[in-house]
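Going by this note's numbering, the letters in the sequence shown line up with residues 3 to 146, in that order.
By construction, the Cβ of each residue, glycine as well, lies at the ideal position given by its N, Cα and C atoms.
Presented below is the structure to which this report refers.
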Amino acid sequence: MITLEVLKRLEQIMRERSGKPDLVLSDYFDYVAGTSTGAIIATCISIGMTVDSIATFYHESGPAMFSRAGLLKRFWYKFKDESLAEQLQTVLGKETTLGDPKIRTLLMLVLRNATTDSPWPVSNNPRAKYNLRGRPDCNLNLPL
């Protein structure tokens with residue numbers, strides 16, 4: 003929530019200075035990125051959500067999204083992913099992928115590779131090797 007408050011103020015300042023009361027951060031920034039909950043915020047910014055609407059989403063959906071996983075499962079992840087996925091699909095759309103045209107910025111999400119337990123940065127950069135549409139493993143087809 004602290005991050006959202008900082009971003010909310012930044013959005014307000016940008017609106018005041020530009021004279022555009024409906025400006026959103028994706029109107030100004032070309033590339034947003036995040037890890038974990040920062041990836042959720044980055045994704046919401048990249049599809050053109052206002053920071054106020056992102057904060058509202060967190061307030062209303064936070065308890066359902068961030069219910070703790072069982073003790074033994076916490077070695078692999080902190081939160082149950084079913085509720086999180088469901089809540090995100092209501093905001094982003096069930097069919098939205100990393101290559102969806104409604105994404106207004108370049109977007110990078112740093113995920114955890116469950117096989118190797120290493121960071122896995124994915125981006126919608128159209129020039130990235132694994133984003134070539136002809137590839138069967140094209141990252142642009144990953145559901146957000």
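Grab the span of the beta strand (DSSP E) containing residue i for me, first residue to last.
| i | result |
| --- | --- |
| Val-34 | 33 to 37 |
Does the Cβ-Cβ distance between residue i and residue j come in under 7 Å?
| i | j | result |
| --- | --- | --- |
| Ile-4 | Ile-49 | no |
| Leu-100 | Leu-142 | yes |
Taking only three categories from DSSP, how would you classify residue i?
| i | result |
| --- | --- |
| Met-3 | coil |
| Arg-114 | strand |
| Pro-121 | strand |
| Pro-65 | helix |
| Thr-45 | helix |
| Thr-99 | strand |
| Arg-76 | With a pLDDT of only 47 at Arg-76, under the threshold of 50, the placement of this residue in the model should not be trusted; the figure read from the coordinates follows. Arg-76 falls in the helix class under three-state DSSP. |
| Leu-94 | helix |
| Leu-146 | coil |
Which residue comes first and which comes last in the alpha helix (DSSP H) that contains residue i?
| i | result |
| --- | --- |
| Leu-27 | 27 to 30 |
With 16 other CB atoms within 10 Å as the buried threshold, where does residue i fall?
| i | result |
| --- | --- |
| Gly-36 | buried |
| Ser-125 | buried |
| Ala-57 | buried |
Using 8 Å as the threshold, is the stretch 4 to 14 in touch with the stretch 40 to 54, meaning 3 or more CB pairs across them? yes
Counting beta carbon pairs with one atom in the stretch 107 to 127 and one in the stretch 37 to 46, are three or more of them shorter than 8 Å? yes
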